[in-house]
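Enquirer:
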Amino acid sequence: MCDQTFLAITFGPCDSCSENRPLMNLYIKTEPINYCSLCMEIMACQGLASGETLKSLKAESETLRKKLEEERKKLHDVELEKVAEKAEALGELNMKTRRTLKGHGNKVLCMDWCKDKRRIVSSSQDGKVIVWDAFTTNKEHAVTMPTTWVMACAYAPSGCAIACGGLDNKCSVYPLSLDKDENLAAKKKSVAMHTNYLSGCTFTNSDMQILTSSGDGTSALWDVESGQLLQSFHGHSADVLTLDLAPSETGNTFVSGGSDKKANVWDLRSGQNVQSFDTHDSDINCVKYYPSGDAFASASDDSTCRLFDLRADREVSIYSKDSIMFGAASVDFSLSGRLLFAGYNDYTINVWDVLKGTRVAILFGHENRVSSLRVSPDGTAFCSGSWDNTLRVRQEGRGVGRELKQGGTTLYG
Amino acid sequence: MARDMSDIDILKMELEQLKKEVSTPREPVSKTSKDTMDWCEAASGTDLLITGVPDDKNPYKPEKGGCIIT
């Protein structure tokens with residue numbers, strides 16, 4: 001069937017200039033547009049203009065990026081490793097596993113220490129959140145969340161509550177009671193509401209505010225008591241996978257990392273993105289501030305960890321080896337910032353000398369991916385959670401005696 | 001939120017951000033690296049994951065004991 005080959009001309013007021021003119025019968029996506037021929041030509045040209053806008057935006061973006069790179073390069077007058085040559089070399093490390101926390105029925109996805117340096121909260125794929133006493137390995141509390149894949153958990157600074165969330169798109173706060181029989185789930189408070197999974201959460205300096213990151217591409221600051229959104233942070237162009245708050249002495253900022261390969265530094269009060277780093281080649285799984293607050297480290301699926309200096313506004317070190325081919329899932333610094341512990345998807349933990357950029361130890365023991373890793377608040381030990389359903393608490397065992405030496409290679413278990 | 005934005009909006013957002021970033025104050029790496037290193041050295045004496053924890057203060061002290069069965 002052939003289309004109409006003649007045009008029935010209508011005469012009337014144009015939708016755009018309101019003048020009485022012959023109208024062009026145009027349909028855009030089944031909507032009738034009654035424009036006069038002049039307005040239709042103008043509209044067609046604007047269409048071209050917006051196409052150019054996309055191009056010109058991209059071009060402008062490119063020029064600015066180049067300028068940024070130049071500005072950063074000017075200040076790159078020396079490598080961190082060169083400056084660190086003067087630093088004393090680290091002695092041989094002798095990390096020993098002191099406690100293995102068993103009890104989760106499925107992959108451990110996240111863990112956090114309490115400020116009392118002995119309690120640990122951990123969350124798992126099966127929806128269980130457990131509070132442990134790391135000294136005795138006793139389970140003090142257990143909560144079953146109404147969701148699986150609890151990807152984030154955090155201990156409140158007071159030690160009286162925990163926050164957790166995951167595929168339920170929420171962050172819930174559970175006050176911990178001393179009464180063992182009390183049902184924790186009854187007192188649960190839903191604080192954060194995102195439109196996609198919760199990837200990370202942390203309390204700010206008090207129990208009153210929580211910072212969350214989500215697969216919906218945003219981070220947000222919430223008031224715990226009212227559940228009100230205090231500030232939201234937009235800037236990532238894909239899932240935000242991790243966040244870390246700056247050490248309290250250095251001010252009100254936090255850093256987030258995402259699937260867009262970027263790490264962004266934000267001002268908590270204004271919601272502004274103050275700095276951005278995009279040198280990683282793949283998703284950033286974890287970010288952690290350096291203890292002084294002037295730098296942060298990141299762990300990525302590109303199998304590297306990197307150190308970014310905030311005052312120089314650039315990446316200053318890469319911790320990688322050709323033999324490391326699996327993504328790094330989690331990092332944390334020792335108290336002085338000299339050691340960087342990184343957990344990888346090849347089941348190992350690599351310990352890096354932050355200043356010299358070299359690896360100082362490989363730690364084995366987990367039987368599946370290391371998903372989460374944190375140093376205790378007093379720096380005496382660090383805990384790693386893994387997809388093998390366990391958590392391991394390790395310490396530097398120097399001076400304690402026994403070492404395992406096999407044919408010259410020192411193995412740390 | 002970012003998933004719902006059109007490409008043009010994402011580009012505009014990135015452009016705004018770049019404009020702000022080009023003008024942030026920066027310091028040379030030689031200065032900042034030295035400061036980082038100094039901070040680290042000052043704190044390394046108290047870093048128990050490097051120096052180790054003396055037994056009497058170690059809450060994770062392994063039990064010395066066990067028996068020898070012959």
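Taken in order, these protein sequences are the chains called A and B.
The UniProt record's numbering numbers the first residue of the first sequence as 1 and each following residue consecutively.
The UniProt record's numbering numbers the first residue of the second sequence as 1 and each following residue consecutively.
Virtual Cβ for every residue (Gly too), placed ideally from N, Cα, C.
Short check: CB of T137(A) to CB of L80(A), under 9 Å?
Expert: No.
Enquirer: Taking 6 Å as the limit between beta carbons, can you name the residues of its chain near S123(A), skipping five residues before and five after?
Expert: So the qualifying residues of the chain are L109, C110, V129, V150, C153 and C164.
Enquirer: At which residues does the alpha helix (DSSP H) containing residue 124(B) begin and terminate?
Expert: With chain B covering only 1 through 70, there is no way to say anything about residue 124(B).
Enquirer: Run the CB neighbour count on T97(A), radius 10 Å, all protein chains shown included, and call it buried at 16 or more, exposed below.
Expert: It counts as buried.
Enquirer: Listed from N- to C-terminal order along the chain, which residues in the region 304–328 of chain A have their beta-carbon within a distance smaller than 8 Å of any beta-carbon of chain B?
Expert: Listed by position along the chain: D309, R311, A312, D313, R314 and V316.
Enquirer: Who are the Cβ neighbours of G159(A) in its own chain at under 8 Å, not counting the five residues just before and after it?
Expert: Result list for G159(A): C114, K115, D116, R119 and L176, in chain order.
Enquirer: Give a yes or no on whether the C-beta atoms belonging to T24(B) and A295(A) are separated by under 9 Å.
Expert: The answer is no: Cβ separation not under 9 Å.
Enquirer: Quick one: which chain B residues come within Cβ less than 9 Å of residue 418(A)?
Expert: Residue 418(A) lies beyond the range of chain A shown here (1 to 413); nothing can be said about it.
Enquirer: Just the Cα atoms here: how many angstroms apart are M193(A) and Y155(A)?
Expert: If I take the Cα positions, the gap works out to 19 Å.
Enquirer: Using a 10 Å radius around the Cβ and a threshold of 16 neighbouring Cβ atoms, would you call K11(A) buried or exposed?
Expert: Sequence inspection shows Phe at residue 11(A); the Lys mentioned does not correspond to that position. Answer is exposed; the Cβ neighbour count stays below 16.
Enquirer: Taking 7 Å as the limit between beta carbons, can you name the residues of its chain near T279(A), skipping five residues before and five after?
Expert: Only R306 and E315 meet the Cβ criterion.
Enquirer: Thinking C-beta only, is S256(A) closer than 9 Å to W246(A)?
Expert: Looking at the sequence provided, one finds Ala at residue 246(A) rather than Trp. No, the Cβ-Cβ distance between A246(A) and S256(A) is not below 9 Å.
Enquirer: Tell me whether G401(A) sits in a helix, a strand or coil according to DSSP, three-state version.
Expert: Summary for G401(A): the model assigns pLDDT 34, below 50, so the residue's position carries little reliability; its value from the coordinates is reported in the next sentence. In this structure, G401(A) counts as coil in the three-state DSSP scheme.
Enquirer: Closer than 8 Å: is that where the CB of S199(A) sits relative to any heavy atom of the ligand PLP?
Expert: In the structure on display, the ligand PLP does not appear, and there are no ligands present to speak of.
Enquirer: Report buried or exposed for R269(A), applying the criterion of at least 16 other Cβ atoms within 10 angstroms of its Cβ.
Expert: Classification for R269(A): exposed.
Enquirer: Between H366(A) and chain B, is any beta-carbon pair separated by less than 9 Å?
Expert: Output row for H366(A): interface = no.
Enquirer: Please decide whether D56(B) counts as near chain A, where near means a Cβ-Cβ distance under 9 Å.
Expert: Answer no: the Cβ-Cβ gap between D56(B) and chain A never drops below 9 Å.
Enquirer: Using beta carbons (cut-off 9 Å, strictly below), is T144(A) in contact with chain B?
Expert: With 9 Å as the cut-off, T144(A) does not count as an interface residue toward chain B.
Enquirer: Between which two residues does the beta strand (DSSP E) holding D223(A) run?
Expert: Run containing D223(A): T218 to D223, per the beta strand (DSSP E) assignment.
Enquirer: Given that G397(A) touches chain B, what residues does it touch there, using C-beta distances under 7 Å?
Expert: Those are G52, listed as they occur along chain B.
Enquirer: Quick one: residues in its chain with C-beta nearer than 8 Å to the C-beta of R338(A), no 5 flanking neighbours on either side, listed in chain order?
Expert: Cβ within range, chain order: L90, D353, V354 and L355.
Enquirer: Within 9 Å (strictly less), CB to CB, does Y290(A) reach chain B?
Expert: With 9 Å as the cut-off, Y290(A) counts as an interface residue toward chain B.
Enquirer: Nearest to R72(A) by alpha carbon, out of K31(B), D55(B), E27(B) and E41(B)?
Expert: Checked all of K31(B), D55(B), E27(B) and E41(B); the closest Cα to R72(A) is E27(B).
Enquirer: Hey, does R65(A) have any beta-carbon neighbour from chain B nearer than 9 Å?
Expert: So yes, R65(A) belongs to the interface.
Enquirer: Please tell me whether N169(A) has its Cβ less than 9 Å away from any Cβ of chain B.
Expert: With 9 Å as the cut-off, N169(A) does not count as an interface residue toward chain B.
Enquirer: Could you give the DSSP three-state label for M37(B): helix, strand or coil?
Expert: In this structure, M37(B) counts as helix in the three-state DSSP scheme.
Enquirer: Expressed to the nearest angstrom, what Euclidean distance is found between the alpha-carbon atoms of V53(B) and A134(A)?
Expert: Their backbone Cα atoms lie some 16 Å apart in a straight line.
Enquirer: Ignore the nearest five residues each way along the sequence and tell me which others in P157(A)'s own chain have a CB closer than 7 Å to its CB.
Expert: Excluding sequence neighbours, P157(A) sits near K115, F203, N205, S206 and D207.
Enquirer: By a C-beta neighbour count over all protein chains shown, 10 Å radius and 16 as the cutoff for buried, is C201(A) buried or exposed?
Expert: Buried.
Enquirer: Taking 7 Å as the limit between beta carbons, can you name the residues of its chain near G293(A), skipping five residues before and five after?
Expert: Once the five neighbours on either side are set aside, the close Cβ partners of G293(A) are A246, P247, E249 and T250.
Enquirer: In chain B, which residues lie less than 7 Å from H76(A) when you measure between Cβ atoms?
Expert: Within chain B, the residues near H76(A) are V29.
Enquirer: Residues in the same chain with beta-carbon distance under 6 Å from D281(A), minus the five sequence neighbours each way, listed in chain order, please.
Expert: Once the five neighbours on either side are set aside, the close Cβ partners of D281(A) are D302.
Enquirer: For H234(A), collect the residues of the same chain with a Cβ closer than 7 Å to its Cβ; drop the 5 residues on either side in sequence, then sort them by chain order.
Expert: Excluding positions up to five away in sequence, the list reads T218.
Enquirer: Please state the DSSP three-state secondary structure of E249(A).
Expert: Note: E249(A) maps to helix in three-state DSSP.
Enquirer: Quick one, are the C-beta atoms of G327(A) and M95(A) less than 9 Å apart?
Expert: Not in contact: G327(A) and M95(A) (Cβ atoms no closer than 9 Å).
Enquirer: Which residue wins for smallest C-alpha separation from V393(A), given the options R99(A), T148(A), L211(A) and S317(A)?
Expert: Comparing Cα positions, the closest option is R99(A).
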